[in-house]
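Protein chains in written order, with this note's numbering: chain A, 107 to 296; chain B, 1207 to 1784.
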């Protein structure tokens, strides 16, 4: 099979690392070769963060380059717009419609672009936007945005419910398991 | 059982399996997790040292005592440890000694992108370079075998993409070698001229032996291709980019040991291909070696010596088409890292900017004080340079400039190499004012303990270095402590200490807002009725404050209630607790 590529993008502190941990578990369980690449250090302080998840028979590069991503999973709207260049032709963006102002916008030196969802729709790519924050809150915590997005991702990839549940169980603390399952279900079914 | 491991975690696993017993390191991105993961193995003694020089010397001591030992650092940390490194090359080891160094091409979290491979050649110490987690584990084990067989320290060179990517590894069992008895050997371990003169030829002979080993070592391997019009020599993460771009089309010589490099193997490989290309990040290190063998080779004429490479860059520079995705025609504002909401550094920089001071900066989260809207830092060079640089600036400048210049340095960085600069200030009597930003943790690298926190790497309580006593002890009479959340007091104390004609230290003390034990009062609210939209609160660059319809708005999910913005509001619009 051809190597599959998912980019997880967001704002440092949003919980993108848990999403990559969960996917790593899921994919390794299927016996794939897997590489997951993260950025630590300074970017985690509220900066733009990117995680690459790749799987297949033999995965070489730990990173995803421009034009290679099958899917971008974006935890924030502006970050989705920042990385469209990384999509393959016909690629998909799953985007949390939440907006978080970056410092240049907060400081009044730049504007947060308007109507980004609509504009993304004109690029000839599949855009699946959802209010993951609202769904996470419905599940019980604003911190469950990552599981809502995982749920939405599950619609587009061929893994069984059992495989997802196993990966979730091994990635989140037991006391938050129920809440995270609920968040996953809301993302998958809403 | 197969498992996913971060490259750094795999190094730690390799150390464990090889029977390593002693680890001493200083944190630095992207090397930090090696030591954090090692600390989880009860069988291994692991510690944070005050700096990389101390760490390497401690690791050498443990090696001499007969236990396999290790220390890790980032690329710039190896500069600090370079002094022992060059002479350890002469002494050799007793039990195996492995040194981990992690480069940061692309400068994700560093002040330069130096190429550490030069150190291997300069210090004449072999360097292994893994290209994924499985190799990181295997090379760590191999490193000890080489170290003991060739009586040398061994460098294992990581980079951001190998350190911080997870790939599949199959962990093995721990093998604990018999401790080696320490035996006195002045000719080997006392490096004074008469002895060192005898050791240098040993080093050169060792390099010849290692070069011979490199010719047949399986970590240097030729992978045959189907098209010999091009042959590629590569290593580390670049090997993965080459394989991603071309699969098994072109023959590849993959070097697992980057110094010393084989000669015959490279010549043979070159002879079998029509065109020889080296794919490597940063400097043309392998390329220079090929040229020294008289080979016709391309490398840096194709690939940049700046930043990271990638599979697309490899494709493009070697004649393959690259197709990229659609780009939105829209100005996408950058999202640089920022000081967190509630960060105790923020208010200090606001005050320094307000007082229009020249600020010698240092390395840590607080380097972000250089970014707008705070924009309060003038210089950042390396760990400790704020304090020593301030001394020179003040000595060479006029009296007025002494009253307008300060150094800022974090608690961990101060212990790392700021205290020696402070000793110079006291000893040579410069009218310097040093501000220690004591947030009670090593922040930027992700909350590591340090000698001022009272806890060690394993999380156990330990001796806590008292910063006030330390400053007094090195000869600073004026030492003041302020709470950075109290901006009026900060301004008063800084102005006062700048006005006196003697060295002084101000300790700005408040723990990092992200520490779990820190209790916050909770988010404050803004009153749109009272807010006049003057934007005074926007000048501190807090990510929790934004303007909406001309009024300040607090993001309650981010705000911790530090109250700094409240002190800037002249209309009492901020502050009532929700």
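The C-beta atom is built at its ideal place from N, Cα and C for all residues, glycine as well.
Would you mind telling me which residues of chain A sit closer than 7 Å to residue i, beta carbon to beta carbon, in chain order?
i	result
residue 1542(B)	153, 209
residue 1447(B)	167
Identify the contact partners of residue i in chain A, using a Cβ-Cβ distance below 9 Å as the criterion.
i	result
residue 1546(B)	119, 151, 152
residue 1367(B)	143, 167, 168, 169
residue 1518(B)	171, 172, 173, 174
residue 1578(B)	209, 210, 213, 215
residue 1751(B)	212
For my contact list, residue i and residue j are in at a C-beta cut-off of 8 Å; report their separation, rounded to the angstrom.
i	j	result
residue 1280(B)	residue 1235(B)	6 Å
residue 1388(B)	residue 1270(B)	6 Å
residue 1397(B)	residue 1325(B)	About 18 Å; that fails the 8 Å criterion.
Spell out the partners DSSP gives residue i in its beta bridges.
i	result
residue 1754(B)	1757(B)
residue 1419(B)	In the DSSP output, where bridge partners are listed per residue, residue 1419(B) has none listed.
residue 1684(B)	1710(B)
residue 252(A)	Partner(s): none; residue 252(A) has no beta bridge.
residue 1321(B)	The partner list for residue 1321(B) (beta bridge, DSSP) is empty, contrary to what the question assumes.
residue 198(A)	177(A), 232(A)
residue 1211(B)	1373(B)
residue 1333(B)	1361(B), 1465(B)
residue 1639(B)	1612(B), 1710(B)
residue 1446(B)	Bridge partners of residue 1446(B): none, in fact.
residue 1308(B)	1280(B), 1364(B)
residue 1460(B)	1427(B), 1440(B)
Tell me, please, whether the CB atom of residue i is closer than 9 Å to any CB atom in chain A?
i	result
residue 1429(B)	no
residue 1718(B)	no
residue 1748(B)	yes
residue 1586(B)	no
residue 1539(B)	yes
residue 1443(B)	yes
residue 1338(B)	yes
residue 1528(B)	yes
residue 1258(B)	no
residue 1558(B)	no
residue 1314(B)	yes
residue 1370(B)	yes
For residue i, which residues in the same chain have their Cβ closer than 6 Å to its Cβ, ignoring the five residues on either side in sequence?
i	result
residue 1784(B)	Because the pLDDT at residue 1784(B) is just 47, under 50, the model does not fix this residue reliably, and the value given afterwards should be weighed accordingly. Within the same chain, residue 1784(B) has close Cβ partners 1729, 1731.
residue 289(A)	242, 245, 250, 253, 254
residue 1604(B)	none
residue 1247(B)	1222
residue 1395(B)	1297
residue 1275(B)	1228, 1265, 1268, 1269, 1303
Would you say residue i lies against chain B (beta-carbon separation less than 9 Å)?
i	result
residue 131(A)	yes
residue 248(A)	yes
residue 272(A)	no
residue 216(A)	yes
residue 275(A)	no
residue 185(A)	yes
residue 200(A)	no
residue 257(A)	no
residue 226(A)	yes
residue 279(A)	no
residue 110(A)	no
residue 134(A)	yes
residue 236(A)	no
residue 222(A)	yes
residue 124(A)	no
residue 193(A)	yes
Spatial neighbours of residue i within its chain, please: CB distance less than 8 Å, with the 5 preceding and 5 following residues excluded, ordered by chain position.
i	result
residue 1667(B)	1660, 1661
residue 124(A)	252, 277, 278
residue 207(A)	218
What residues of chain E sit near residue i, judged by a beta carbon separation below 9 Å?
i	result
residue 139(A)	The chain labelled as chain E is not found among the protein chains of the depicted structure, namely A and B.
Chain B partners of residue i, CB-CB under 7 Å?
i	result
residue 190(A)	1531, 1532, 1533, 1534
residue 197(A)	1531
List the residues of chain B whose Cβ lies closer than 9 Å to the Cβ of residue i, in chain order.
i	result
residue 306(A)	With chain A running from 107 to 296 in the structure shown, residue 306(A) is simply not present.
residue 288(A)	Neighbours of residue 288(A) on chain B: none; closest Cβ ~20 Å, over 9 Å.
Whose Cβ in chain A lies nearer than 8 Å to the Cβ of residue i?
i	result
residue 1240(B)	Ordered by position in chain A, no residue passes the 8 Å Cβ test against residue 1240(B), which lies about 12 Å from the chain.
residue 1744(B)	212, 213, 214
If I measure Cβ to Cβ from residue i and keep anything under 7 Å in the same chain, skipping five residues before and after, which residues do I get?
i	result
residue 1764(B)	1547, 1749, 1750
residue 1189(B)	Absent from the model: residue 1189(B). The displayed extent of chain B is 1207 to 1784, so no value can be given.
residue 126(A)	114, 142, 144, 157, 159
residue 1506(B)	1490, 1493
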